[in-house]
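If you count the sequence shown from 1, you need to add 3 to reach the UniProt record's numbering. The beta carbon of each residue, even a glycine, is placed where N, CA and C say it ideally should be. For reference, the structure is listed below as structure tokens.
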Amino acid sequence: NLRSCVRGVGSALPSRCVANAELVGKVDTSDEWIRQRSGITQRYVAGEGETTSTLATRAAEAALANAGLAASDIDLVVVGTATPDYTFPAVATQVQASLGIVHGVAFDLQAVCSGFVFAVTTADKFLRSGSNKRALVIGAETFTRILDWNDRTTCVLFGDGAGAMVLEARESDGAFASPGVIAARLRSDGRHRAKLYVDGGPSTTGSAGHLRMEGKEVFRHAVGMVTDVIQGCLDDAGCAASAIDWFVPHQANRRIIDASADKLGIPREKVVVTVDRHANTSAASIPLALDLAVQDGRIKAGDLVMIEAMGGGFTWGAALIRW
Ligand code: ACO
């Protein structure tokens with residue numbers, strides 16, 4: 004009986020940090036509006052030489068160091084991203100090459116902001132099947148490169164970054180108290196396409212395009228969708244929300260995070276929040292938050308951690324992990 008156990012985490016941010024005040028000169032907005040509506044105070048913006056794959060590689064190196072492993076110990080690389088360096092090859096194979104891994108398999112997975120939850124769930128299935136032994140699961144994005152800086156309703160909300168987790172297949176007794184991925188639920192519904200999308204691509208405009216969002220519509224659906232998959236994970240695990248030690252949601256908006264936690268009855272002190280300092284980094288937001296909470300001593304071995312996300316498509320999902 005195999006389970007996918009967390010062996011290490013790491014993250015990487017661009018060197019340039021942009022506070023709300025710096026945007027005010029370029030965009031018709033205010034620090035107060037951004038803080039009130041989203042909780043965001045600053046974001047990191049990739050500069051010259053910083054791309055999704057370079058950030059992903061740095062995060063992967065940090066996770067390997069945290070795990071006490073060499074790159075050659077990894078035989079699976081899964082990268083959740085909607086902002087690859089190039090249409091192809093995949094960011095995952097670029098990370099593989101940068102780390103010097105010449106065996107195993109690497110591929111990208113596209114579920115926008117849900118990318119990390121989808122990547123963890125996918126890697127978990129590979130590891131539990133016995134086909135692969137150790138996975139680097141990465142969420143990496145440079146969303147600032149697909150923003151329309153003339154659209155104040157979207158450009159103030161996003162940032163760049165990457166986070167990584169090393170998952171390892173281990174024999175398990177399958178008990179609720181034993182480490183590893185305990186439950187996961189993924190969903191998607193393509194009818195919601197127009198509420199959150201990018202208006203370009205290789206098969207249409209031939210350009211990368213810009214992010215478009217009906218913020219109110221996304222907000223309206225988000226809380227119900229994520230709490231639904233979280234409840235599914237809790238049902239699968241046979242536990243109540245009160246068993247969760249740390250709730251690590253996708254960091255899109257402070258109000259969505261608070262409303263989701265409230266609906267589930269999860270107290271605020273158990274919620275890891277980074278949207279204030281990172282803004283919405285799409286697939287990178289959860290592993291960035293996990294790394295922060297591990298490094299500052301909040302998440303410890305034995306803790307029960309719930310991750311969840313919702314993004315363009317719509318896609319949404321949750322996973323329950325015993326650390
Ligand atoms: N600065 C100042 N004013 C602004 C700004 C801005 N940056 N943007 C919009 N406004 C104005 C609007 O024009 C509007 O003015 P009006 O009333 O005169 O027309 C007013 O502020 C209110 O705008 P709303 O859109 O109603 O603001 P709302 O309270 O809905 O907040 C927000 C907007 C923050 C986008 C919110 O709807 C939200 O967070 N939605 C969810 C978005 C989200 O989570 N997206 C990520 C999903 S994950 C992914 O896959 C990318």
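Margin query: Assuming I141 and A62 are in contact, meaning their beta carbons sit under 8 Å apart, how far apart are those beta carbons, in whole angstroms?
Written below: 6 Å
Item checked: Closest residue to K29 among I269, C158, D231 and F91 (Cα-Cα distance) -> C158
Checklist line | Straight-line gap, N4 to T125 (C-alpha atoms, nearest Å) | finding: 18 Å
Notebook entry, point to check: Relative to the C-alpha of T84, which residue among V27, A286 and D31 is closest?
Noted result: A286
Next item on the list: For N69, name the three-state secondary structure that DSSP assigns.
Entry: helix
Item checked: Opening and closing residue of the alpha helix (DSSP H) in which G227 lies -> G218 to A240
Margin query: Given 7 Å as the limit, tell me if M313 has its C-beta closer than that to any heavy atom belonging to ligand 1.
Written below: yes
Next item on the list: Run the proximity test for S75: is its beta-carbon closer than 7 Å to any non-hydrogen atom belonging to ligand 1?
Entry: No, since every heavy atom of ligand 1 falls outside the 7 Å radius drawn around the Cβ of S75.
Next item on the list: Please find out if some non-hydrogen atom of ligand 1 comes closer than 7 Å to the beta-carbon of S263.
Entry: no
Check: Measuring CA to CA, which of A15, V98 and V232 is closest to L293?
Finding: Nearest of A15, V98 and V232 to L293, Cα basis: A15.
Note to self: Given the structure, does S33 come close to ligand 1, in the sense that its CB is under 7 Å from one of the ligand's heavy atoms?
What the structure shows: yes
Margin query: Please tell me whether E136 and E174 are closer than 8 Å, where the distance is taken between their beta carbons.
Written below: What sits at residue 136 in the sequence shown is Lys, not Glu. Cβ atoms of K136 and E174: not closer than 8 Å.
Check: Would you say R40 touches ligand 1, meaning its beta carbon is less than 7 Å from a heavy atom?
Finding: The answer is yes for R40.
Checklist line | Buried or exposed by the 16-neighbour rule on C-beta atoms within 10 Å, applied to D31 | finding: exposed
Check: How close, in whole Å, do the beta carbons of S7 and L130 come, if the pair is a contact with beta carbons under 8 Å?
Finding: 4 Å
Margin query: Shorter than 7 Å, the distance from the beta carbon of L199 to the closest heavy atom of ligand 1, or not?
Written below: At least one heavy atom of ligand 1 sits closer than 7 Å to the Cβ of L199.
Checklist line | Whole-number beta carbon distance between T230 and K266, since they are thought to touch under 8 Å | finding: 5 Å
Check: Within 10 angstroms of its Cβ, does N153 collect 16 or more other Cβ (buried), or is it exposed?
Finding: Looking at its Cβ environment, which holds fewer than 16 other Cβ atoms inside 10 Å, N153 is exposed.
Next item on the list: Would you kindly report the start and end of the unbroken beta strand (DSSP E) that includes P252?
Entry: W249 to P252
Margin query: Considering just the uninterrupted stretch of the alpha helix (DSSP H) at E35, what are its terminal residues?
Written below: Boundaries of the alpha helix (DSSP H) harbouring E35: D34 to S41, taken from the DSSP string.
Next item on the list: Could you spell out the range, first to last residue, of the alpha helix (DSSP H) harbouring L291?
Entry: S288 to Q298
Next item on the list: Drop a sphere of 10 angstroms on the beta-carbon of F91, count the other beta-carbons inside from all chains shown, and report buried for 16 or more, exposed for fewer.
Entry: exposed
Check: Would you call V278 buried or exposed, if buried means 16 or more other Cβ atoms sit within 10 Å of its Cβ?
Finding: buried
Check: So what's residue 328 in DSSP terms, helix, strand or just coil?
Finding: This structure cannot settle anything about residue 328, because the visible part of the chain is limited to 4 through 326.
Note to self: Just checking: is the beta-carbon of A122 within a distance shorter than 8 Å of some beta-carbon in chain D?
What the structure shows: No chain D appears in the structure shown, which is made up of a single protein chain.
Checklist line | Proximal residues to A65 (C-beta, below 6 Å), its chain only, five neighbours per side dropped | finding: G13
Checklist line | Pairwise C-alpha distance: L160 and C20 | finding: 14 Å
Note to self: Nearer than 7 Å: is that true of the beta carbon of K219 relative to any heavy atom of ligand 1?
What the structure shows: yes
Item checked: At least three beta-carbon pairs within less than 8 Å, the stretch 258-265 to the stretch 209-227 -> The stretch 209-227 and the stretch 258-265 touch, with three or more beta-carbon pairs separated by less than 8 Å.
Note to self: Is the beta carbon of T145 closer than 8 Å to that of V94?
What the structure shows: no
Margin query: At 3 residues or longer, what runs of the beta strand (DSSP E) sit wholly inside the stretch 118-182?
Written below: Listed in chain order, the complete beta strand (DSSP E) runs (minimum 3 residues) inside the stretch 118-182 are 137-145 and 163-174.
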